[in-house]
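Participant: Per the UniProt record's numbering, the very first residue in the sequence shown carries number 1; after that it's consecutive.
We put the CB at the ideal spot given by N, CA and C, even for glycine.
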Amino acid sequence: MELKKPILYYPEGTIGAKEIFSSFEKLEVRSYPNDRIREISRDEPTILIANTRFQVNRDNIQNFPTVKIFATVSSGTDHVDFNALKEFRKIFLNAPGCNAGSVAEYCFAGLLNRFKESELKGLKIGLVGHGHTGKEFYKILISKGVNCIFYDPFYKTESRPLSEVLDASVLSFHVPLTKDGPEPTFRFVSTSLIDSLKSGTIFINTSRGEILSREAFNRLIARNDIFKILDVFDPEPPTLEMGRKLSEVKHSILTPHVAGYSQLGRIGGTYRVAEKLSILYQDKPLPPLNFFYKHPENLKLLLF
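1. The beta strand (DSSP E) that contains L193, what's its start and end?
2. Measure from the C-beta of N205 to each C-beta in chain C and report whether the shortest distance is under 8 Å.
3. Tell me, please, whether the stretch 258-274 touches the stretch 283-292 by the rule of three or more beta-carbon pairs shorter than 8 Å.
4. Under the DSSP definition of a beta bridge, which residues are partnered with I91?
5. Quick one: any contact between the stretch 116-128 and the stretch 84-99, if contact means 3 or more CB pairs under 8 Å?
6. Am I right that P11 and A50 are in contact with their C-beta atoms under 8 Å? What's the rounded C-beta distance?
7. Buried or exposed: which applies to D35, given that a residue is buried once 16 or more other Cβ atoms fall within 10 Å of its Cβ?
8. For N290, name the three-state secondary structure that DSSP assigns.
9. I'd like to check one pair, F233 with G268: are the Cβ atoms closer than 8 Å?
10. Starting from L246 and walking both ways along the alpha helix (DSSP H), at which residues does that stretch end?
11. Can you look up A17 in the DSSP assignment and give me helix, strand or coil?
12. To which residues of the same chain is L162 closer than 6 Å at the C-beta, ignoring the five residues directly before and after it?
13. In this structure, how does DSSP classify N205 when only helix, strand and coil are distinguished?
14. If you follow the beta strand (DSSP E) that R30 is part of, which residue opens it and which one closes it?
15. Considering only residues of the same chain and omitting the five flanking positions on each side of K26, which have a CB-CB separation below 8 Å?
16. In three-state terms, what does DSSP make of K135?
17. How is F304 classed by DSSP in three states: helix, strand or coil?
18. Expressed to the nearest angstrom, what Euclidean distance is found between the alpha-carbon atoms of I252 and P184?
Below, the structure is given as structure tokens:
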């Protein structure tokens, strides 16, 4: 008698998922429309891949009692209750750093909107956070001969004081959104921090909108002497009131959380999660990542 294969469900529109997950021999792979995620519980899936709007919390863990592995093909974890996962003995998989290069390139492109590349060498650029994305942006800047420093409390020997980083010509944030732990970043950027920035500063945020307090955000967009490059907001999508305010902001580049939406970032995230599942279920090795790249004419931008 043939044993029933564990069922893996993933959202329709996940770039590269159909091709990558079809490599599995020990899993039954199915897709679902995002607006029907509640209905798939009756199929008793073992693996549920969902986007970051799906909260992995106590309620949803209990709503999907057969799911052993929750996953997201992106890097963020602020939608995940790890205490609940531990309580119910569930596994969570994601793809940290999958779009770090894309976000770093977005930040660099934003600077090139303001300066010629040769002019960057005359700036001091300060990064807050030296994780996956911070490292990638740092490498780009150093390779161009730009004076770049960073603050990260988890790199005690290399990190510069926060006050020194805040004094830089360009200030770029690359931190995860955390509410607990030794260095929480939720509402980390205060009005006093915004007020301390010198006129002419370039302020970049591609991490999470919630690292700024609401008051700090309002103060930031009101300062016309600061050039703002913002890819993240709180909430997302912005409210109508916030949208009206943003439409009036001068000296800025505002984008709807798309800095990481490159082919490499999206397909790479799916591939990394698939690699982990292949190991967990002792399935056959996946083909190389570049096997799944799409030709530009066949690639559509799908928000996920």
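Facilitator: Answer, in terms of the structure:
1. For the purposes of this step, residue 193 is taken as residue 193 along the sequence shown, with counting starting at 1. Element bounds for L193: not the beta strand (DSSP E) but the alpha helix (DSSP H), T191 to S196.
2. This model lacks chain C altogether, as it is built from one protein chain only.
3. These segments touch.
4. To locate residue 91, count along the sequence shown from 1; it is residue 91. I91 is bridged to I69.
5. The stretch 116-128 vs the stretch 84-99: no contact.
6. Position 11 of the sequence shown holds residue 11. Position 50 of the sequence shown holds residue 50. Going by Cβ atoms, the distance from P11 to A50 rounds to 6 Å, so yes, they are a contact pair.
7. Residue numbering aside, residue 35 sits at position 35 when the sequence shown is read from its first letter. By the 10 Å Cβ count, D35 comes out exposed.
8. The residue you call residue 290 lines up with position 290 of the sequence shown. Looking at N290 - three-state DSSP - the assignment turns out to be helix.
9. Translated into positions along the sequence shown, residue 268 becomes position 268. Translated into positions along the sequence shown, residue 233 becomes position 233. No; because the gap between Cβ atoms is not below 8 Å, this pair is not in contact.
10. Stepping through the sequence shown from its first residue, residue 246 is reached at position 246. Taken as a continuous stretch (DSSP letters only), the alpha helix (DSSP H) holding L246 covers L240 to S247.
11. Taking the sequence shown and counting its residues from 1, the one referred to as residue 17 is at position 17. DSSP places A17 within a helical segment (H, G or I) once states are collapsed to three.
12. Numbered from its first residue, the sequence shown carries residue 162 at position 162. Beyond the five residues adjoining it in sequence on each side, L162 comes within less than 6 Å, by CB distance, of Y151 in the same chain, given in chain order.
13. Counting from one through the sequence shown, the residue named residue 205 turns up at place 205. In this structure, N205 counts as strand in the three-state DSSP scheme.
14. Counted from its first residue, the sequence shown places residue 30 at position 30. Per DSSP, R30 is one residue of the beta strand (DSSP E) stretching across E28 to Y32.
15. On the sequence shown, position 26 is the one that residue 26 refers to. Counting only Cβ-Cβ distances below 8 Å, and skipping sequence neighbours, we find K5, P6, Y281, Q282 and D283.
16. Sequence index remark: in the sequence shown, residue 135 carries index 135 (1-based). DSSP places K135 in the helix class (H, G or I) of the three-state scheme.
17. In the sequence shown, the residue the question calls residue 304 occupies position 304. Only weak support exists for where F304 lies, its pLDDT of 36 falling under 50; the value from the coordinates is given anyway. In this structure, F304 counts as coil in the three-state DSSP scheme.
18. Along the sequence shown, read from residue 1 onward, the residue named residue 252 stands at position 252. Along the sequence shown, read from residue 1 onward, the residue named residue 184 stands at position 184. The question names Ile, but residue 252 is Ser in the sequence shown. Spanning the alpha carbons of S252 and P184 requires a straight line of approximately 27 Å.
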